[in-house]
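**Student:**
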Amino acid sequence: MTDEANKHDVDAEASEQWELVNTPLGEKWSGRTRYAAAMFFYKRGELSAETLEVYRICARLDSTDPLPIIRDRGVGQDWLKRMSFE
Numbered sequence: 008m009t010d011e012a013n014k015h016d017v018d019a020e021a022s023e024q025w026e027l028v029n030t031p032l033g034e035k036w037s038g039r040t041r042y043a044a045a046m047f048f049y050k051r052g053e054l055s056a057e058t059l060e061v062y063r064i065c066a067r068l069d070s071t072d073p074l075p076i077i078r079d080r081g082v083g084q085d086w087l088k089r090m091s092f093e
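Heads up: the sequence shown begins at 8 in this note's numbering, then just goes up one per residue.
Structure below.
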């Protein structure tokens with residue numbers, strides 16, 4: 008596989024995971040979907056362990072937005088900016 012093709016695959020995966028981490032609240036299994044996508048960004052070093060923990064806690068709570076909890080805990084400020092949540 009060429010470097011260019013590999014880069015395209017990585018970019019496509021990141022785009023898909025970005026959509027998943029932004030799954031609308033309240034949809035069935037949406038909390039778990041957001042958590043799985045957050046794990047992707049954690050493994051890439053783009054999300055802190057403390058921020059991932061909030062997604063884990065919210066995984067079974069499909070209607071609970073993890074972003075206010077992240078803000079209230081004072082963790083993941085870079086992530087909140089990336090998510091346009093301030």
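Yeah, the Cβ is synthetic: ideal placement off N, Cα and C, and Gly gets one too.
In whole angstroms, what separates the C-alpha of ARG39 from that of ASP69?
**Tutor:** The residue given as residue 39 occupies position 32 in the sequence shown. The residue given as residue 69 occupies position 62 in the sequence shown. Each residue's CA atom was taken as its position, placing ARG39 and ASP69 some 8 Å apart.
**Student:** Specify the secondary structure class of PRO75 as computed by DSSP and reduced to three states.
**Tutor:** Residue 75 sits at position 68 when you count from the first residue of the sequence shown. Three-state result, PRO75: helix.
**Student:** For VAL17 and ASP79, what's the separation of their Cα atoms in angstroms?
**Tutor:** Position 10 of the sequence shown holds residue 17. Position 72 of the sequence shown holds residue 79. When rounded, the distance between both Cα atoms is 32 Å.
**Student:** If you reduce the DSSP assignment to three classes, tell me which class TRP36 lands in.
**Tutor:** Looking up residue 36 in the sequence shown gives position 29. DSSP places TRP36 in coil when its eight states are reduced to three.
**Student:** So, using beta-carbon positions, are PRO73 and ARG41 closer together than 8 Å?
**Tutor:** Residue 73 sits at position 66 when you count from the first residue of the sequence shown. Residue 41 sits at position 34 when you count from the first residue of the sequence shown. Closer than 8 Å, so yes.
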